[in-house]
Amino acid sequence: MASRSVALLTPRSSTAFVARLLNTSPPADSAAPAQTTKSTETTTAASAPPPVEKEQKKDHARTFYRSEMVTIPALPSEKIPKPTGELPFGKYYSDHMIDVDWTLEGGWGKPKLHKLQPLQLHPGSKVLHYAIELFEGMKAYRGIDNKIRMFRPDMNMARMNRTAQRSALPTFDSDELINMIADQIRLDLEWVPSSATSSLYIRPTLIGTDKTLGVGNPHDAKLFVVTCPVGSYFTSGFQPVSLLADSQFVRAFPGGVGAFKMGCNYAPTIGVAQSAQAKGCQQVVWLSGDNEELTEVGTMNIFVFWKNEEGDLELATPPLDKGIILPGVTRDSLLHLGKEYGEFKVSERSFTMEDIRLALKEGRLLQMFGAGTACVVSPVGQIVYHNRKADKYETWNIPTMEAKPNLMQRFYENITDIQYGRVDRPEWCFEVKQ
Numbered sequence: 001m002a003s004r005s006v007a008l009l010t011p012r013s014s015t016a017f018v019a020r021l022l023n024t025s026p027p028a029d030s031a032a033p034a035q036t037t038k039s040t041e042t043t044t045a046a047s048a049p050p051p052v053e054k055e056q057k058k059d060h061a062r063t064f065y066r067s068e069m070v071t072i073p074a075l076p077s078e079k080i081p082k083p084t085g086e087l088p089f090g091k092y093y094s095d096h097m098i099d100v101d102w103t104l105e106g107g108w109g110k111p112k113l114h115k116l117q118p119l120q121l122h123p124g125s126k127v128l129h130y131a132i133e134l135f136e137g138m139k140a141y142r143g144i145d146n147k148i149r150m151f152r153p154d155m156n157m158a159r160m161n162r163t164a165q166r167s168a169l170p171t172f173d174s175d176e177l178i179n180m181i182a183d184q185i186r187l188d189l190e191w192v193p194s195s196a197t198s199s200l201y202i203r204p205t206l207i208g209t210d211k212t213l214g215v216g217n218p219h220d221a222k223l224f225v226v227t228c229p230v231g232s233y234f235t236s237g238f239q240p241v242s243l244l245a246d247s248q249f250v251r252a253f254p255g256g257v258g259a260f261k262m263g264c265n266y267a268p269t270i271g272v273a274q275s276a277q278a279k280g281c282q283q284v285v286w287l288s289g290d291n292e293e294l295t296e297v298g299t300m301n302i303f304v305f306w307k308n309e310e311g312d313l314e315l316a317t318p319p320l321d322k323g324i325i326l327p328g329v330t331r332d333s334l335l336h337l338g339k340e341y342g343e344f345k346v347s348e349r350s351f352t353m354e355d356i357r358l359a360l361k362e363g364r365l366l367q368m369f370g371a372g373t374a375c376v377v378s379p380v381g382q383i384v385y386h387n388r389k390a391d392k393y394e395t396w397n398i399p400t401m402e403a404k405p406n407l408m409q410r411f412y413e414n415i416t417d418i419q420y421g422r423v424d425r426p427e428w429c430f431e432v433k434q
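Residues 1 to 434 (the UniProt record's numbering) are what the sequence shown spells out, left to right.
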């Protein structure tokens with residue numbers, strides 16, 4: 001990509017520039033603070049009533065501000081060619097990115113929305129040595145009404161801030177970043193797929209950047225956001241996966257950081273995934289403790305739908321209280337929907353490999369599936385279990401695809417109906433006004 005030297009625009013002039021680019025009217029005062037809600041986009045200064053009092057003083061030690069964001073659109077020659085075929089996950093990036101710097105002394109700087117470009121990092125940056133890094137994963141969907149919606153972004157931002165606190169990285173105002181991302185999407189509208197099975201994946205990331213090799217809290221940090229058009233997780237319908245269950249591999253432990261979305265939680269799983277593939281499995285079901293509690297599947301939360309020991313129909317997923325489960329947005333959404341159905345018991349409780357074995361033996365296990373942003377739900381068809389007491393591998397077949405009622409399919413349809421605007425649920429959607 002060709003590089004160029006560009007003088008930074010002021011917030012007012014850059015806003016006017018983008019307004020001309022998008023054929024819209026610029027805000028009357030680009031420095032005015034944005035008003036935000038959880039399910040609708042910011043009211044700009046152009047449409048907002050005039051302030052009664054003088055502008056509230058900004059607290060850059062606490063957060064950055066969308067009203068200060070400097071926007072420099074990519075030149076036509078700098079724009080990225082659009083893909084013409086399939087959209088594999090994370091391969092293609094849209095034209096623009098957000099970045100904003102933070103320092104311990106000065107707090108948050110002014111955000112910038114500009115062409116996608118490489119980061120410049122000193123080789124001594126803490127993120128490169130001690131994995132002081134976190135990220136989020138969320139999506140924007142082009143609905144059947146052509147409206148663009150982000151699905152429950154407030155939950156992603158709340159989790160990002162919790163992870164930042166655990167990482168000794170700076171926190172920020174969630175609504176400010178949500179509205180900045182809406183501006184980013186608006187600038188890259190043509191990158192939001194029109195397909196009813198595709199979406200724009202959004203990856204906010206926060207890293208420690210100070211160039212000191214001592215282990216300690218970062219004095220400098222950078223937050224950036226990139227987006228990728230992605231296709232359907234299931235290219236030919238639901239395909240059940242096979243899981244390796246082996247208690248010698250541990251993803252998280254009490255007192256650790258398994259409940260936080262840090263990059264350091266993912267790197268150690270890659271080699272284990274390769275071991276699973278060598279056994280003919282696509283994913284790993286992560287076990288915890290001597291009693292082999294199921295915790296997560298791959299990078300997803302795990303659910304079972306069964307008749308429990310008391311004979312009641314039940315949807316169950318492991319609880320969050322031990323700090324070893326990532327509190328997934330899809331996980332929370334399925335729990336809400338399950339309770340709204342009112343047709344079965346919904347539980348957050350632990351279950352072990354022995355519980356699964358017994359349920360299979362007695363014909364009580366109906367479905368097992370993963371749940372996450374990438375796929376909504378992913379069916380489990382088989383577990384390859386390393387029985388360490390007998391020192392042998394056992395293959396357990398899970399009747400997920402044959403089970404009636406098909407709760408997993410119902411969840412998938414209900415969630416995607418909301419995401420693509422076929423069903424209205426405004427409290428779960430943030431509309432990006434065009």
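Cβ atoms here follow ideal geometry from the backbone N, Cα and C, with glycine treated the same way.
Source: prediction; values computed, not measured.
Worksheet item: Going by the beta-carbon positions, is the gap between Ile80 and Tyr65 smaller than 8 Å?
Response: no
Worksheet item: First and last residue of the alpha helix (DSSP H) that includes Phe64?
Response: First-last for Phe64: undefined, no H or E at that position.
Practice prompt. Using beta-carbon positions only, say whether Trp108 and Thr63 come within less than 8 Å of one another.
Written response: yes
Item to complete: Have a look at the DSSP bridge pairing and note the partners of Lys115.
Response: His96
Worksheet item: Of all the options Pro204, Lys115, Glu133, Pro254, which has the alpha carbon lying nearest to the alpha carbon of Leu187?
Response: Lys115
Discussion item. One question on the structure: do Arg349 and Asn301 come within less than 8 Å of each other, judged by their Cβ atoms?
Written reply: For Arg349 and Asn301, no; Cβs fall outside 8 Å.
Worksheet item: Of the residues Tyr412, Ala359, Leu407, Thr373, which one's Cα is nearest the Cα of Ile398?
Response: Ala359
Fill in: Asp59 versus Ser125, Phe172, Gly143, residue with shortest Cα-Cα distance
Phe172
Discussion item. I believe Glu314 touches Met353 by the beta-carbon criterion, under 8 Å. Please report the beta-carbon distance rounded to the nearest angstrom.
Written reply: So it is not a contact: roughly 18 Å between Cβ atoms.
Worksheet item: For the beta strand (DSSP E) that contains His386, what are its first and last residues?
Response: 376-387
Practice prompt. Between the Cα of Leu365 and those of Val377, Gly342, Gln382, spot the shortest distance and give me the residue it belongs to.
Written response: Gln382
Worksheet item: Does DSSP classify Pro81 as helix, strand or coil?
Response: coil
Discussion item. Report the CB separation of His219 from Leu134 in whole angstroms; it is logged as a contact under 8 Å.
Written reply: With 8 Å as the limit, His219 and Leu134 do not qualify as a contact, their Cβ atoms being about 17 Å apart.
Fill in: Alpha-carbon spacing of Glu78 relative to Thr227, whole angstroms
One alpha carbon belongs to Glu78, the other to Thr227, and they sit about 16 Å apart.
Discussion item. Using the three-state DSSP reduction, which class does Tyr233 fall into: helix, strand or coil?
Written reply: coil
Item to complete: Since I believe Leu244 is in contact with Val284 (beta carbons under 8 Å), could you give me their beta-carbon distance rounded to a whole number of angstroms?
Response: 5 Å
Worksheet item: Do the segment 321-331 and the segment 247-258 make contact, defined as three or more Cβ pairs closer than 8 Å?
Response: yes
Discussion item. So, for Ala74: in the same chain, excluding its five sequence neighbours on each side, which residues have a beta-carbon less than 8 Å away from its beta-carbon?
Written reply: Correct list, in chain order: Asp95, His96, His114, Lys115, Leu116.
Worksheet item: Can you give the beta carbon distance from Thr400 to Pro379, rounded, assuming they're within the 8 Å contact cut?
Response: 4 Å
Worksheet item: If you check the beta carbons only, do His386 and Asp246 fall under 8 Å apart?
Response: yes
Fill in: Secondary structure of Cys228, DSSP reduced to three states
Residue state, collapsed to three classes: strand.
Discussion item. So, at 6 Å on beta carbons, what are the nonlocal neighbours of Val423 in its own chain, with the 5 sequence-adjacent residues on each side left out?
Written reply: Asp417
Practice prompt. Please list the segments of the beta strand (DSSP E) lying wholly inside the segment 266-329, counting only runs of 3 or more residues, in order along the chain.
Written response: Complete beta strand (DSSP E) runs here, min 3: 283-288, 293-297, 300-307, 313-317.
Worksheet item: What are the start and end residues of the beta strand (DSSP E) that includes Gln367?
Response: 365-372
Worksheet entry | Any chain C beta carbon closer than 8 Å to Gln248 | The question asks about chain C, but that chain is absent: this structure has only one protein chain.
Discussion item. Are the CB atoms of His129 and Leu213 within a distance shorter than 8 Å?
Written reply: yes
Fill in: Which residues DSSP lists as bridging Cys429, in chain order
Phe151
Worksheet item: Between which two residues does the alpha helix (DSSP H) carrying Ala182 extend?
Response: 174-187
Practice prompt. Give the secondary structure of Gly107 by DSSP, where H, G and I count as helix, E and B as strand, and everything else as coil.
Written response: strand
Worksheet item: What's the gap between the Cα of Ile98 and the Cα of Arg203?
Response: 10 Å
Worksheet item: In whole angstroms, what separates the C-alpha of Gly85 from that of Gln56?
Response: 49 Å
Worksheet entry | Beta-carbon gap between Glu431 and Arg142 smaller than 8 Å | no
Worksheet item: Which residue comes first and which comes last in the beta strand (DSSP E) that contains Phe411?
Response: Looking at the DSSP string, Phe411 is not in any beta strand (DSSP E); the run it does join, the alpha helix (DSSP H), is 407-419.
Discussion item. Only counting the same chain, and skipping five residues up and downstream in sequence, which positions put a Cβ closer than 8 Å to that of residue 498?
Written reply: Outside the modelled stretch of the chain, which goes from 1 to 434, sits residue 498, for which no answer is possible.
Discussion item. Given a cut-off of 8 Å on the beta-carbon distance, is the pair Cys264 and Ala374 in contact?
Written reply: The answer is no: Cβ separation not under 8 Å.
Worksheet item: Excluding the five sequence neighbours on either side, which residues of its own chain have a C-beta within less than 8 Å of the C-beta of Tyr393, listed in chain order?
Response: Lys279, Val384, Tyr385, His386, Asn387
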